[in-house]
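**Q** As you go down the protein sequences, you meet chains A and B in turn. Counting with the numbering used here, you get residues 1 to 128 for the letters of the first sequence. Counting with the numbering used here, you get residues 1 to 131 for the letters of the second sequence. Positions of the beta carbon are idealized from the N, C-alpha and C atoms, including for glycine. Predicted, not measured: the structure shown is a model, and the values here were computed from it. If you scroll down you'll find the structure; I have some questions about it.
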Amino acid sequence: MSMRSPLGRVLGLGAAGGGSHHWWLQRLTALALVPLGVWFLVALLGLPDLGYLTVRGWLAAAPHGLLLALLVVAAAYHSWLGVCVVIEDYVPNRTRRLGALLVAQFLHLAAGAGALFAVLKLSLGSAA
Amino acid sequence: MATRPRPLSPHLQVYRWQYTMALSIAHRAAGLGLATGLALLTWWLLALAAGPESYARVRALLGSPFGTLLLAGYVAIFWYHCCNGLRHLQWDTGRGLEKASARRSGALVVVATLLLTAATLVLALYPGARP
Numbered sequence: 001m002s003m004r005s006p007l008g009r010v011l012g013l014g015a016a017g018g019g020s021h022h023w024w025l026q027r028l029t030a031l032a033l034v035p036l037g038v039w040f041l042v043a044l045l046g047l048p049d050l051g052y053l054t055v056r057g058w059l060a061a062a063p064h065g066l067l068l069a070l071l072v073v074a075a076a077y078h079s080w081l082g083v084c085v086v087i088e089d090y091v092p093n094r095t096r097r098l099g100a101l102l103v104a105q106f107l108h109l110a111a112g113a114g115a116l117f118a119v120l121k122l123s124l125g126s127a128a
Numbered sequence: 001m002a003t004r005p006r007p008l009s010p011h012l013q014v015y016r017w018q019y020t021m022a023l024s025i026a027h028r029a030a031g032l033g034l035a036t037g038l039a040l041l042t043w044w045l046l047a048l049a050a051g052p053e054s055y056a057r058v059r060a061l062l063g064s065p066f067g068t069l070l071l072a073g074y075v076a077i078f079w080y081h082c083c084n085g086l087r088h089l090q091w092d093t094g095r096g097l098e099k100a101s102a103r104r105s106g107a108l109v110v111v112a113t114l115l116l117t118a119a120t121l122v123l124a125l126y127p128g129a130r131p
C-alpha cells in the first residue's frame, strides 16, 4: 500500500486529456450539421409539394432516411451541448441549474429519440 | 473573520458597444431558437410517421399564415447560426481573430444571412422561381 496522498500521486502527470471532449463534439456536430442542414433545406425546396405521399415517398428513397437520421442525431446532440452551456452560464443558483440541466437533457433525449424513431419507421417500414 | 467582497472582473457595461457583440449574443439566441425548431422537426416527423390524418393537422397549422411566418423565422435563424457557426469554426483554427477581420467577417455573415434567407423564402413561396 502506497503512503502517498492522492494529490501527490497525480501531481506532475499533466492533464487527463479529457477536458476538450465537450468542445470537440460541439465542433464535430457543427461541421456535420452544415452540409446536412443545407441538404435538408434544399431537398424540401426541391419537392413539388409537401403533401403526405410526396414526403413519404421522398423519405423512403435510398439515402434520404440515412441522411435525415444523421441530421436529427447530430442536431439533437449539438443542441444538447449548446443549451447546457447556456444554462451553465446564466443560471447561477446550483439547485435551479441542476433542475434546468435535467429538464433540458431529458427533452433533448426525447426529441432526438422521437425524431430518430420516426425516421427509421418511415424509411424502414413497409409503405403505408 | 470579516470577509471583504471579492474583486470582480469588468462586466459588459465597461465596454463600448460594438455590433460584433450583438452578433455574438444573437448566435446564442439563434441556437436556442433552433433547439425549439428541433422539437418542431420531431413533431413533424412523428406526425408523418403516424399517418395521413395527423400529418394533415400539422401541415394545416404550419401552412397557416402564423405557421408560415414561424417557418420563415426558423429559416432566418438557421442561416444566421449556420453562417456565424462557420465563422466560429474559422476562429477555432486561430484565424480571423483580429479586430478588423472579425468585424469584416461579422458584416459578411449578416449579408450572407439576408441573401440566403431571401433566396430560400422566394423559392419556398414561389415554386415557379425554382430552377
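1) Specify the secondary structure class of G112(A) as computed by DSSP and reduced to three states.
2) Among L70(B), L116(B), L8(B) and P7(B), which has the Cα closest to the Cα of N84(B)?
3) When the Cα atoms are used, what is the spatial distance from Y90(A) to G51(A)?
4) On the DSSP letters alone, give me the boundaries of the alpha helix (DSSP H) that G128(B) sits inside.
5) CB-CB under 7 Å to A112(B), same chain, minus the five flanking residues each way: which ones, in chain order?
6) Beta carbons nearer than 8 Å to chain B: which residues of the stretch 77-88 of chain A have them?
7) Of the residues that make up the stretch 111-122 of chain A, which ones have a beta carbon closer than 7 Å to any beta carbon in chain B?
8) With the cut-off set at 7 Å, would you say L38(B) and S79(A) are in Cβ contact?
9) Find the residues of chain A that neighbour A39(B), judging by a C-beta separation of less than 8 Å, and give them in chain order.
10) Leaving out five residues on either side along the sequence, give the residues of the same chain with a beta carbon under 7 Å from the beta carbon of A75(A).
11) From what residue to what residue does the alpha helix (DSSP H) around M3(A) run?
12) Does the beta carbon of T113(B) come closer than 7 Å to any beta carbon on chain A?
13) Buried or exposed: which applies to G31(B), given that a residue is buried once 16 or more other Cβ atoms fall within 10 Å of its Cβ?
**A** In terms of the structure at hand:
1) helix
2) L116(B)
3) 42 Å
4) Careful: G128(B) lies outside any alpha helix (DSSP H) and carries neither H nor E.
5) C83
6) S79, G82, V83 and V86
7) A111, G114, A115, A118, V119, K121 and L122
8) yes
9) L107 and A111
10) L33
11) Here M3(A) belongs to no alpha helix (DSSP H), and DSSP marks it neither H nor E.
12) no
13) buried
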